[in-house]
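Here's the structure we're looking at; comments come further down.
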């Protein structure tokens, strides 16, 4: 076995923060907000290696309201500004760093808002490093070119070498709280030719994995799940479901009552049997106060995963898993994956989506989940947004040409291609962080944020 290559050190030469607007074709309700539009943040970073080589990398992420901070006193604009400030502060800190490895540049914060900036900029820097070295994201992690060391008694470099990225992965379709289940649920239609109801989604994409939102009202949740089950029950092949509470339940007793009511409802028998796990049903302020009890399916944390020690604290209370989202940090996901391997006995990760958009954001998150070894992941951005319809034609063409397995052109735009419920992602194994194409920077506005001094 050849000796492991040392992780390159580099300085951050420049970071540009930009954004452009994303409009949804259908409203998406999760938790306390119904989203119809939102800005998308972009980071464009240039690094300089110690041998003088330079390269540019990029990353993107939606500035999503009412997820990172769900304080009802804050407006959507307040939430956007929180995340912009996080990015601005991280930019200043990273520009001040001396030469370090990619892992050494990373600076995970305490709190979802605080970690938003590092999570985005870490991806842009890693993209630049991969391009400077002419290697893929997969190669950079497998060979530990990121420079990870030991952590909680684990040699992370040795663990990374055992990971095996996939060339295809199942897309788990999200059913939001206001999504129509059948045509009878719709008063008006978007009418763009794309699927709108759950019935149409299943017919068009062939999904076998689904994520079902529940809203904290047990009776209403059961009735909506019955309606969903009436559609999913027509699928001949086995299907699989996760339940997402989005912090809508006050305590675990309420969740246990929902689960008991679901099990007692004959019309939900097949759906109940198909449930894989329940995601963050209890408000983050209370989720890690008491043990998980009264539920015979794994329960995982999502919004409560706000620091590096969150997963171990959740584990001590009976939680079995944690979500991976690039908006929470790619290095945190890799650490949590190593923890699952070390703990064994049914601990796992799930791949979740925060209305991730086609292009850099979708590709980088999907590549990460692929490397983690997951077989399915939530994908909802392609359903609520009309693909790349709002982007310049040249940008759409570039991404389609670079990743023809992942995208297709239909209904007047380039969009994610899902066949038999699967995403083909072999083309993400390319120099850089999972993208051969770049967005059109000229179509974006410079990001502004409050004073960060």
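Residue numbers (the numbering used here): 1134 to 1586.
The beta carbon of each residue, even a glycine, is placed where N, CA and C say it ideally should be.
Within a 10 Å sphere around the beta-carbon of residue 1228 sit fewer than 16 other beta-carbons, which makes this residue exposed. Only exposed fits residue 1291, as fewer than 16 other CB atoms lie within 10 angstroms of its CB.
Every unbroken stretch of the alpha helix (DSSP H) spanning 4 or more residues and falling wholly within the segment 1423 to 1509 is given here in chain order: 1443 to 1449, 1463 to 1476 and 1493 to 1505. As DSSP reads the structure, residue 1173 sits in a beta bridge with 1153 and 1195.
Closest by C-alpha distance to residue 1346, out of 1397, 1174, 1162 and 1364, is 1162. Under DSSP, no beta-bridge partner is assigned to residue 1536. Here the alpha carbons of residue 1195 and residue 1215 stand approximately 13 Å from one another.
With three or more CB-CB distances shorter than 8 Å, the segment 1450 to 1464 counts as touching the segment 1246 to 1265.
In summary, residue 1529 is buried, with 16 or more beta-carbon neighbours lying within 10 Å of its beta-carbon over all protein chains present. Taking C-alpha positions only, residue 1386 is separated from residue 1427 by approximately 8 Å.
Nearest Cα to residue 1267 within the set 1562, 1582 and 1204: 1562. Minimum Cα-Cα distance from residue 1352 among the listed residues 1390, 1376 and 1468 corresponds to 1390. In the DSSP assignment, residue 1368 falls outside any alpha helix (DSSP H), carrying neither H nor E.
The closest CA to that of residue 1155, considering only 1488, 1573, 1411 and 1308, is found on 1488. If you draw a straight line from the Cα of residue 1491 to the Cα of residue 1220, it comes to about 21 Å.
Here residue 1190 is not near residue 1147, since their CB atoms are 9 Å or more apart. A buried status is given to residue 1378, since no fewer than 16 other beta-carbon atoms sit within 10 Å of its beta-carbon. As computed with DSSP, residue 1547 is found in a beta bridge with 1542. Put simply, of 1580, 1264, 1576 and 1567 the residue whose alpha carbon is nearest the alpha carbon of residue 1298 is 1567. Residue 1402 and residue 1344 have their C-alpha atoms spaced approximately 17 Å apart. DSSP places residue 1561 outside any alpha helix (DSSP H), giving it a letter other than H or E. Taking all protein chains shown into account, residue 1424 has fewer than 16 neighbouring C-beta atoms within 10 Å of its C-beta and is therefore exposed. By the neighbour-count criterion, in which 16 or more other beta carbons inside 10 Å mark a residue as buried, residue 1527 falls on the exposed side. Distance from the CA atom of residue 1312 to the CA atom of residue 1203, rounded to whole angstroms, is 21 Å. DSSP places residue 1373 inside the beta strand (DSSP E), whose first and last residues are 1373 to 1377.
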